[in-house]
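If you're matching positions, the sequence shown starts at 140 in the numbering used here and goes up one per residue.
Where a beta carbon is used, it is the ideal one built from N, C-alpha and C, also for glycine.
Structure first, then comments.
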Amino acid sequence: MVQRVSTQQEMPAILPPGRRLASAIVIGAAVLAAMALTGALALWFRYGTAVFFEMIVSGISACF
């Protein structure tokens, strides 16, 4: 009789805990990046380019 050497295992329907955490981190990072971009665009439209760049430069210089 011939028997199969290996059988295909079914994929689990639920992600393992490590994968769920990684997915949550990636989604959280994407949401945070979208919020930062939206905030930057709002400042750009509100204050104009010159004031926007001055605020960014002053913030960076305050850090150093």
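Check: Distance, Ala201 Cα to Phe184 Cα; Outcome: 24 angstroms
Check: Contact belief for Phe182 with Phe192 at Cβ below 8 angstroms, rounded distance in angstroms; Outcome: The sequence as given places Leu at residue 182; Phe does not occur at that position. Between Phe192 and Leu182 the Cβ distance is about 10 angstroms, and since that is not below 8 angstroms, they are no contact.
Check: Other residues of its chain near Tyr186: CB distance less than 8 angstroms, five sequence neighbours each side excluded; Outcome: Met194
Check: Simplified DSSP state of Phe191, which is helix, strand or coil; Outcome: helix
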